[in-house]
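See structure below.
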Amino acid sequence: MKITTWNVNSLKVRLPHVLAWLAAHPVDALCLQELKLTDDKFPVTEISAAGYRSFYAGQKTYNGVAILVRDGVEIDDSDLVRNIPGFEDPQQRVIALTLDGVRVISAYFPNGQAPGTEKFVYKIQWLAALQEWIAGELQRYPQLALTGDFNIAPDDRDVLDPAKWEGQNLVSPQERAAFVALTGLGLVDSFRMFEPADKHFSWWDYRMFAFRRNAGARIDHVLLSPPLAARCTACEIDRTPRAWEQPSDHAPVTATLADAGDSQIPMAGGA
DNA sequence: ATGGCTTGCACCGCAAGA
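Going by my numbering, the first residue of the first sequence is number 153, and it counts up by one from there.
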């Protein structure tokens, strides 16, 4: 099973990119963020023609999340969830459903603007609500993938110049503590299972030739619960679409899971 | 250096992103 997260920064503008990328990378689940459109404008027909079912929670102008599921993947949408249960919020930032027994969550974490602002306060409150909800979800769904634009660079390897970033939005101690709280629930940063080096990014500012200079940050993540981490064989950031015409400022990040019962690790005492 | 791009909205300059 392959699960991808991609902040597309307007699905209206990026639909051709999404379709082209899916044609080359037929992943099982594509989690999208920043749709920036209402549900009535969601391109269900085009995505269906590409062989994917659409589940989405949109709103006008801002936010909006979706999960595109490849035809043939078993879907249980009886427990489809939009937004964080119990957390009153008009902003559409979360959608979750269950695929082949795997709880897949597409989340668009608040940006936060800057520490000390109202938006930062909202970000911290949202993070606390998310953590509480995820703790419960892990009880119900041992196989869980929390994917999305986290708007958090987990450590100093995840920005180009840590000294310049110190204390700022995306890297502040409060945000990083929230990320550690999620990993404290057992979730594993799948990218770091395979790549210890610094300067691997998933987002680059549109300005100042940031992509060309690799002046970015790693803020898009696929976090896996322990049973899924045990099945994970790769996590890759695809920089290719960032170089396309009129790109999203984020790159897709894909985690690959070996089939259940098809572990890469040889079984002790096997035949 | 609070700029620098890009998007949506709405009516042409603004908010928001990260």
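Think of the CB as a built atom: it goes at the ideal place given N, C-alpha and C, for glycine as much as any other residue.
Model, not experiment: these values are computed from the prediction.
Helix, strand or coil for K271 per DSSP?
helix
Delimiting residues of the beta strand (DSSP E) encompassing R222
Segment V217 to R222, the beta strand (DSSP E) holding R222.
Just to confirm, is the Cβ distance from N366 to F346 under 8 Å?
no
Exposed or buried, Q326, counting other C-beta atoms within 10 Å across all chains shown (16 or more means buried)?
exposed
With distance defined between alpha-carbon atoms, name the residue in A329, L296, W356 and D310 nearest to C384.
L296
When the Cα atoms are used, what is the spatial distance from P237 to L290?
Roughly 14 Å separates the two Cα atoms.
At which residue ranges does the stretch 360 to 389 contain complete beta strand (DSSP E) runs of 3 or more residues, listed in the order of the chain?
372 to 376 and 384 to 389
What's the gap between the Cα of L232 and the Cα of R255?
10 Å
Output needed for L375: all residues of its chain with C-beta closer than 8 Å, excluding positions within five of it in sequence on either side, in chain order.
A297, L298, T299, L334, T335, L339, V340, D341 and S342
Can you look up T408 in the DSSP assignment and give me helix, strand or coil?
strand
Take every Cβ of the stretch 387 to 397, pair it with every Cβ of the stretch 159 to 179, and state whether three or more of those distances are shorter than 8 Å.
yes
Could you tell me which residues DSSP puts in a beta bridge with I155?
Beta-bridge pairing by DSSP links I155 to A181 and A407.
Specify the secondary structure class of I236 as computed by DSSP and reduced to three states.
coil
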